[in-house]
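This report concerns only the one structure given below.
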Amino acid sequence: MFGPLSLASAASPVPFVNNPLVPTSVSPGSGAFTLTLNGANLVPGATVYWNGSPRVTTFVSSTQVKASVLASDVATGTTATVVVGNPSTVALSNVSYFAVSRPTAALAKPELFAVADSAQAYTFGSLVAVGDFNGDGKVDLAGSDSVNVYILLGNGDGTFQPPIWYTFGFEPYGIESISVGDVNNDGKPDLIIAGSLQDFSSSALVTVMLGNGDGTFQPQPGINAGAIPSNVAIGAVGDFNGDGNLDIVTINGDNSTNNAAILLGNGDGTFQPYIDVALGTMVPIGLTVGDYNRDGLLDLAVGLPEGYQILTGLGDGSFNVSLQFYLDTYFSRIAAGDINGDGITDLVMASDTFGATVLYGNGDGTFGAPYPTNAPGRLPYGIALGDFNADNKLDMLTGDLDGGGDLFMNVSGFPGNPVGVYSPNALQSANAAVADFNGDGKLDFVLTNSGVYLSTEISISPTALSFDGSVGTPGSKAVTLTNSSQTSTYIGNIEFSGNNAQDFSQTNNCGSKLAAGATCTITVTFVANNDGSFNLTAMSIPENGGRLQSVGLSGTASGSNPVVQLSSKALNWGTQPVGQPSAPASVKLTNIGNKSLTSLGVAVTGANAADFAISSNSCRATEKEDASCIVSIIFTPSATGPRSASLSFTDNAYNSPQTVALTGTGQ
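Taken in order, the sequence shown gives residues 6 to 672; the numbers are from the working numbering.
Have a look at this one:
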């Protein structure tokens, strides 16, 4: 997507861009504007690239450049990739995403993100990273199941091609992180895999996968990256010595030896032996790169189980190491971004006590007291930042170890209460990443093991229904589907999945197409066939064929009653000669309730009942629970044209008579 820059004289450092861009988004058709990029390693002559094309750029300082964005760049809804290149340096900065989108309400709801169709199958494992690995302008995914790495090439509509697998065998047995960067200066994104050796007792290991530019990679031999990492080996990339080559840093620890290992890059995909930087007594668990003292040089923030530590970069690959700051809660991962919009990078940490904690930066490499959201997540782990509702404030997303995730929307520079992100299968979602996977101008996200969540203006309320009633007695509740967008949307077949899916049914007035600004109602009916509690069931509503709105369903039932289940609701014989009997067709009745079905009678009724005869019937007057019987029908049309009747079962179940439509055509 981005070509190499010209190699003229001595290389400049590889630039780095802070999160977020300023502004983070504009509305479609808003006209030309100036885009501000804050960061580090910026030099005179730096150029901002908008979707791979250069824009007129003004150098302000080593920490800031400004670009002139054209009116044509933002004429329609889209998401642009924005990077910075320095003169005489091939590797470009980290990628930032700029949304051309109408802002939506700050207090987002979980239904504003719908699971991409079949996407869960693509997000297995515990790690995920995003990038354009084949240069087609569409976002791709890289992930890991802790032993293997997979690549998913995006189709640009929120779906992905089948995975390409890379198996490392014994080498990085415990893969802990995946980073993206051009480490061999060929203009193609590479992957940096950090992990531990199989026995977790010798060293951290970095494996570089050199990108071919077509979505495939060439794994290189593993590189030693720190001693005795029995706990973690998390990596990141940046140009820490300003030579124009990307370097690697890992953090490692085993409760006695805690260190950061700096691997200075040679620019050809190889690295010098690591430089050990001793940390404090707490084992490091998270790592993020940024310029925290605004001197134009890259620093490191290390997340700790109960605090954090700052490593201030000196620009030559070495660091001044602060003391470890203790905070009285347990954290999992750490991220950096300007939360309150003051131009200073802040730190955000996922916490199992508070869900999310913000440490506002002072601009000199120090941070203020922690500000917890006081809104506990479930078991938050991975963390990612992005402006999901295009209001120019960074929001925070956490993956959760008990399934799904939480979205903390930023209100006036402070993350508010979390919005639960429903996971269709309740699997662990350890990590998260942010990008626009379907190119609609709105940021989406991916949660490992849970799915790709596409931003949408189609919402459903409520997003969960709970039923309480008696076995065999129906209970109904309604949800409202709203299309808040400016275009109509297609509604697919509504389906139920998960445990006890057979206990739920629905009727709706949505039709196949929901107009812009319109609403429709889906009425869900719950009929329990046994007593107890029923959970982990979902109703999925396909929207435009590429995403799924989901409603969580649960129920509790008591008592005992029969419940009739029919194998078919309709039988059709097609065309049959007049006066000639057809082959028999059958219906199976099963009592799936927890009480005997009594007074069971079977009959054919309706306008052309004489044309449909019961040829066999194994049903008895009483059918015990779990018992089944079969009724067979023969169609003998007495006249030409359409013929119809009903097979009726009368009994003591709630919906008696239960009917089966009988149709055929005489010729």
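From the three backbone atoms N, C-alpha and C, an ideal C-beta is built for every residue, glycine too. Small disclaimer: the values here were computed from a predicted structure and weren't measured.
Spatially closest choice to residue i from the options, by CA coordinates
i	options	result
Leu215	Ile228, Gly186, Ala230, Leu402	Gly186
Asp162	Asp449, Val65, Leu667, Ser481	Asp449
Glu548	Val439, Glu628, Ser563, Leu519	Leu519
Val89	Gly82, Thr81, Thr83, Ser98	Ser98
Lys593	Gln585, Gln570, Asn599	Gln570
Asn415	Asn246, Gly404, Gly274, Ala395	Ala395
Ala521	Asp508, Ala533, Tyr495	Tyr495
Ser489	Glu462, Ser475, Ser510, Gly474	Glu462
Ser591	Asn139, Leu576, Thr286	Leu576
Asn535	Ser323, Gly318, Ser633, Asp508	Asp508
Val79	Asp445, Gly312, Leu284	Asp445
Thr655	Phe617, Pro647, Asn596, Ala612	Asn596
Leu284	Asp405, Leu328, Ala241, Gly247	Leu328
Asp141	Asp150, Ile156, Asn160	Asn160
Val100	Val242, Arg107, Val213, Ile169	Val242
Val133	Pro420, Ser455, Lys574, Gly646	Ser455
Ser493	Ser510, Ala523, Pro479, Thr221	Ala523
Residue i versus residue j: straight-line alpha-carbon distance, rounded
i	j	result
Gly477	Tyr659	6 Å
Thr109	Val154	36 Å
Pro115	Thr468	Per-residue confidence for Pro115 stands at a pLDDT of 47, beneath the threshold of 50, marking its modelled position as unreliable; the derived number appears in the next sentence. Answer to the nearest angstrom: the Cα atoms are 8 Å apart.
Ser565	Asn505	17 Å
Glu181	Val288	15 Å
Gly387	Gln166	25 Å
Asn443	Leu305	33 Å
Leu459	Phe393	10 Å
Asp296	Asn24	11 Å
Ser434	Thr453	5 Å
Ala45	Leu302	5 Å
Thr561	Val53	58 Å
Phe513	Thr528	Residue identity check: residue 513 is Asn in the sequence provided, not Phe. Roughly 6 Å between the two C-alpha positions.
Gly537	Ser563	6 Å
Thr358	Tyr335	7 Å
Leu598	Ala650	Contrary to the premise, residue 598 reads as Gly rather than Leu in this sequence. One C-alpha to the other measures close to 28 Å.
Phe205	Tyr171	Here Phe205 scores only 46 on pLDDT, less than 50, and its place in the model should not be relied on; the value that follows carries that caveat. The alpha-carbon atoms of Phe205 and Tyr171 are separated by roughly 21 Å.
Phe245	Val282	13 Å
Lys482	Gly516	19 Å
Gly258	Ser201	11 Å
Leu332	Gly373	12 Å
Leu309	Leu399	23 Å
Thr317	Cys525	56 Å
Val87	Tyr102	6 Å
Asp150	Cys624	52 Å
Gly320	Leu352	22 Å
Ala644	Asn613	10 Å
Residues near residue i by beta carbon distance below 7 Å, same chain, minus five either side
i	result
Leu268	Val211, Ile228, Ala230, Asp252, Ile253, Phe276, Gln277, Tyr279
Ala389	Ala340, Leu402, Ala437, Ala438, Val439, Phe450
Ile256	Val237, Ile239, Ala265, Pro289, Leu292, Val307
Asn657	Pro567, Leu602, Thr603, Ser604
Ser17	Val48, Asn91, Pro92, Ser93, Thr94, Gly249
Proximal residues to residue i (C-beta, below 6 Å), its chain only, five neighbours per side dropped
i	result
Leu47	Pro20, Ser67, Val70
Ala96	Val19, Asp187, Asn190, Leu251
Ser653	Ala608, Thr610, Pro662, Thr664
Ile546	Ile499, Gln554
Ser620	Pro589, Ser637, Ile639
Thr627	Ser601, Thr603
Gly497	Pro547
Ser337	Ala355, Tyr386
Gly272	Asn190, Asn250
Val61	Ser73
Sequence-distant residues of its chain with Cβ nearer than 8 Å to residue i (five each side left out)
i	result
Gln581	Ser587, Phe640, Thr641, Pro642, Gly669, Thr670, Gly671, Gln672
Arg299	Thr68, Ile349, Gly368, Asp369
Val135	Val144, Asp145, Leu146, Ala147, Val185, Ala438, Val439, Ala440, Val451
Gly312	Met287, Gln329, Phe330, Tyr331, Leu332, Phe336
Residue(s) in a DSSP beta bridge with residue i
i	result
Met544	Phe501, Val556
Ile315	Ala306
Met401	Leu390, Phe413
Val79	DSSP, once it has assigned bridges, lists no residue as partnering Val79.
Gly444	For Gly444, which the question treats as bridged, DSSP gives no partner whatsoever.
Lys71	Thr41, Thr63
Cys525	Leu486
Min CB distance residue i to chain C below 9 Å
i	result
Gly163	Absent from the structure: chain C. Only one protein chain is present.
What runs of the beta strand (DSSP E), each 3 residues or longer, lie entirely inside the stretch 37-61? 38-45, 52-55, 58-60
List in chain order: all unbroken beta strand (DSSP E) runs of 3+ residues lying wholly within the stretch 230-308. 237-243, 252-258, 264-268, 280-283, 291-295
Those runs of the beta strand (DSSP E) which lie wholly inside the stretch 124-182 and span at least 3 residues: 132-136, 145-149, 153-157, 169-172
Could you tell me which whole beta strand (DSSP E) segments of length 3 or greater appear in the stretch 325-361? 336-342, 351-356
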